[in-house]
Amino acid sequence: MEYIVFYGTILLIIGGAIFLFIKADSPKIKAKHLSGVIVGLGLNIFTSPLAFFIGGMATDPPDSTMLDFWKGFLFIQAIPLLILLAFLVMWWIRKSKENKDLT
């Protein structure tokens, strides 16, 4: 039963990331210019198990703290988070420019 929970969780995470990658090609998402944001979210979801694992390994020594976990976690998640942030900023700027053009 533990294997089902463990591998089911991993498959659910990977399936969710793949779903977001496929959904980014949807016409409704493209019309709102959200494809980059959806891909950034999928990338974050896809790398989160590895980041959690590396963060857990960073807390293996007995004198480690929660800060060591976050250093390990963010070491892996830094690039996907920056990609998501860049896509969010680009989407926000594009949205504000379109709103100015309409008024």
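Last residue of the sequence shown? That's 1560 in the working numbering, and every number before it is there in order.
We put the beta carbon where it would ideally sit given N, CA and C, even for glycine.
Taking 7 Å as the cut-off, the Cβ atoms of G1473 and F1544 do not count as close. By the Cβ criterion, the region 1467-1482 is not in contact with the region 1522-1530, since fewer than three pairs of Cβ atoms, one from each stretch, lie closer than 8 Å. DSSP places M1514 inside the alpha helix (DSSP H), whose first and last residues are 1492-1515. A straight-line Cα-Cα distance of about 18 Å links P1484 and L1498. The Cβ neighbour count for I1550, taken over all protein chains shown within 10 Å, is under 16; the residue is labelled exposed. Counting only residues of its own chain and dropping the five nearest sequence neighbours on each side, L1507 has a CB closer than 6 Å to the CB of I1533. As the crow flies, the alpha-carbon of F1463 is around 43 Å from that of S1553.
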